[in-house]
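Below is one structure; the comments refer to it alone.
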Amino acid sequence: MLTLIQEKDQDRLLQRAALHLCEKIRGVLAVREQVNLAVPGGRNVVKIFQVLQGEEVDWQRVHFFIIDERLVPIDHPASNYKLLQD
Numbered sequence: 004m005l006t007l008i009q010e011k012d013q014d015r016l017l018q019r020a021a022l023h024l025c026e027k028i029r030g031v032l033a034v035r036e037q038v039n040l041a042v043p044g045g046r047n048v049v050k051i052f053q054v055l056q057g058e059e060v061d062w063q064r065v066h067f068f069i070i071d072e073r074l075v076p077i078d079h080p081a082s083n084y085k086l087l088q089d
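In terms of the working numbering, the sequence shown opens at residue 4 and continues consecutively.
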């Protein structure tokens, strides 16, 4: 199901998107053992992760798959893999 989130302010948009994602993750975890989440590349993901960090979710049950199209080493500051590890 598609949810359209509209905001004029980018920070507010990313915050609402992150909270919506958390709500969906919690919903899946209520009925399933784990959630598989594909994480795209880009700079906006950083802001979304910052919001997710403060949310109460059983992150041990969330499996992240990095689908970052940027060719950087996994320990590079621009790597979303590194961001998840930090």
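All C-beta atoms, glycine included, are put in the ideal place defined by N, C-alpha and C.
- For TYR84, the CB contacts under 6 angstroms within the same chain, skipping 5 residues up- and downstream, are ILE69, ILE77 in chain order.
- About 5 angstroms separates the Cβ atoms of VAL38 and VAL31, confirming a contact at the 8 angstroms cut-off.
- Secondary structure note for ILE8: it is in no beta strand (DSSP E), with a DSSP letter that is neither H nor E.
- Per DSSP, reduced to three states, the secondary structure at HIS23 is helical.
- Annotation: the continuous beta strand (DSSP E) that includes VAL38 extends over 38-43.
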